[in-house]
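Encoded as structure tokens, the structure appears first; notes follow it.
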Amino acid sequence: MTAEEVKNAIRNVPDFPIEGIQFKDITTALDKPECLCWMRDEIVRRYKDLGITQVVGIESRGFILAPAVAMEIGAGFVPIRKPGKLPAETVEVSYAKEYGVDVIQMHKDALNENDVVLLHDDILATGGSMAAAIELVRKLGVKKIYVNCIIELEGLNGRKVLEGKADDVDCLFGIEVDE
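The numbers in our numbering rise by one with no breaks, and the one at position 5 of the sequence shown is 361.
Right, here's the structure in full:
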């Protein structure tokens, strides 16, 4: 399995979730075991020696690979969820995204000042949701935050929005918005 083969397995879904958005759907790569394993192994390769203590996955597609990566590198898994999904006391951040306003939460006791965090999601687009996730994780006083996404939608400047907010930002693939 090569990076190009995995990238080619990702499909476009026009006009989702709203008209004018060209959605990059990773489920067509995830349903192929060899693609799924390649993505997991590539993320593990990049982060296994950085002292990660917690892998934080952003709802919902960030939940797919984050726990598998956490197990492989010997870290815990922490979910970031939409409101009303977590049972204990939470902290939250609201943010604007490409097509509306949203709120994300995590358990108030999920992270601490000794944690080194890998924050994972499927797509880095305009950077709004990832910037909010970084802000949320920072509220809990962690040592470092590494950001990883499967796809970076080039041309939307999401990486630029994250400058200075995380210790590192890395994506497996760069894809043009219209590609």
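Glycine included, each C-beta is placed from N, C-alpha and C at the ideal position. Note that the structure is a prediction, hence the values are computed from the model and not measured.
message: Which of the three DSSP states is assigned to M486 in this structure?
response: helix
task: Could you check if A488 is buried or exposed, using at least 16 other CB atoms within 10 Å of its CB as the buried criterion?
output: buried
task: Tell me whether G530 sits in a helix, a strand or coil according to DSSP, three-state version.
output: strand
message: Below 8 Å on the Cβ atoms is my contact criterion, and I expect G484 with A452 to pass it. Report the Cβ-Cβ distance as a whole number of Å.
response: Contact check for G484 and A452: beta-carbon distance about 6 Å, within the 8 Å limit, so the pair qualifies.
query: What whole-angstrom Cβ distance do V503 and L492 have, given they're in contact under 8 Å?
result: Actually they do not touch by this definition, with Cβ atoms about 13 Å apart.
For I414 and D477, believed in contact at Cβ under 8 Å, the rounded distance: 4 Å
- request: Tell me, please, whether the segment 416 to 435 touches the segment 401 to 408 by the rule of three or more beta-carbon pairs shorter than 8 Å.
  value: These segments touch.
query: With DSSP run on the structure shown, which of helix, strand or coil describes E508?
result: Three-state result, E508: strand.
task: Under the assumption that Q461 contacts L475 (Cβ atoms under 8 Å), give the Cβ distance between them as a whole number of angstroms.
output: Actually they do not touch by this definition, with Cβ atoms about 15 Å apart.
- prompt: DSSP on P435, reduced to helix/strand/coil?
  reply: DSSP, read as helix, strand or coil, puts P435 in strand.
task: Indicate the three-state DSSP secondary structure (helix, strand or coil) for P370 in the structure shown.
output: strand
- prompt: Does DSSP put I399 in a helix, a strand or coil?
  reply: DSSP, read as helix, strand or coil, puts I399 in helix.
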